[in-house]
Structures are given as structure tokens and as C-alpha cells.
Amino acid sequence: MEETFLLDLNQSWEAIDIKTGYAVLIPKGSHQAIRMLLKSSRGQTEENYLVVRVQHEGKRVLAGLREAYWRHWEGHFIPEFRVTIREMNEKPHPPPPKRP
Numbered sequence: 000m001e002e003t004f005l006l007d008l009n010q011s012w013e014a015i016d017i018k019t020g021y022a023v024l025i026p027k028g029s030h031q032a033i034r035m036l037l038k039s040s041r042g043q044t045e046e047n048y049l050v051v052r053v054q055h056e057g058k059r060v061l062a063g064l065r066e067a068y069w070r071h072w073e074g075h076f077i078p079e080f081r082v083t084i085r086e087m088n089e090k091p092h093p094p095p096p097k098r099p
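Here you go:
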């Protein structure tokens with residue numbers, strides 16, 4: 000079973016398109032992400048990435064953040080960036096009831 004995470008951003012965040020290596024932006028907001036093991040561009044080493052699906056130039060792409068970059072944030076709220084990364088439960092909690 001793959002690990003899933005919730006990524007909350009208060010601003011757009013630069014990442015890479017995991018297929019092309021080009022820079023893409025992960026837009027502000029909440030995103031469901033997965034942890035993927037990917038080979039380096041030279042193909043000699045493998046590294047974990049936190050990957051989200053985003054819209055870039057009219058196409059859906061997979062944007063990734065290297066584990067070395069995001070792992071120290073996991074489970075923490077960082078006020079200056081307002082970034083939160085936490086593991087998601089297998090069954091998400093239902094949304095709270097709306098008040099009139």
C-alpha cells in the first residue's frame with residue numbers, strides 16, 4: 000500500500016515535473032499527495048518524492064518534492080511558510096456539518 004499525505008500550502012510552491020524535470024508550481028491550497036520512489040536523472044540512484052497532480056500549461060502533470068526537502072516538515076506546521084504535511088488515514092474523516 001502506498002503512503003498518502005495531505006499537503007496544505009498557503010502559497011504556491013515550486014516543485015519539479017517528475018517526467019521532464021522542469022519546474023512547475025504546486026498551487027496554494029490542500030493537495031492529496033503520495034510518496035513515490037523515483038530514479039535520478041542519471042538513473043543510478045533512487046530517491047523518495049512527495050508527488051501531487053497539478054495543472055501546468057493546460058496539462059495534468061505529476062509535481063514532486065524530493066524527500067530530503069520535505070521530510071523535516073512532515074507532521075509539523077511551519078508558520079512562516081504555512082506548510083503542513085501529514086499522513087492521511089485510509090478512510091478520510093467526513094467533513095464537519097455546516098452551520099446555518
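The sequence shown runs 0 to 99 under numbering that gives the first Met the number 0.
We put the CB at the ideal spot given by N, CA and C, even for glycine.
Check, Outcome
"Element boundaries [beta strand (DSSP E), containing Tyr21]", "Neither: Tyr21 is in no beta strand (DSSP E) and is coded neither H nor E."
"Buried or exposed (CB count within 10 angstroms, at least 16 for buried), Gly20", "exposed"
"Paired residues, beta bridge with Ser11 - DSSP", "Ser11 pairs with nothing; no bridge assigned."
"Of the listed residues Arg65, Val51, Gly57, nearest to Lys27 (C-alpha basis)", "Val51"
"Where Glu2 falls: helix, strand or coil (DSSP)", "coil"
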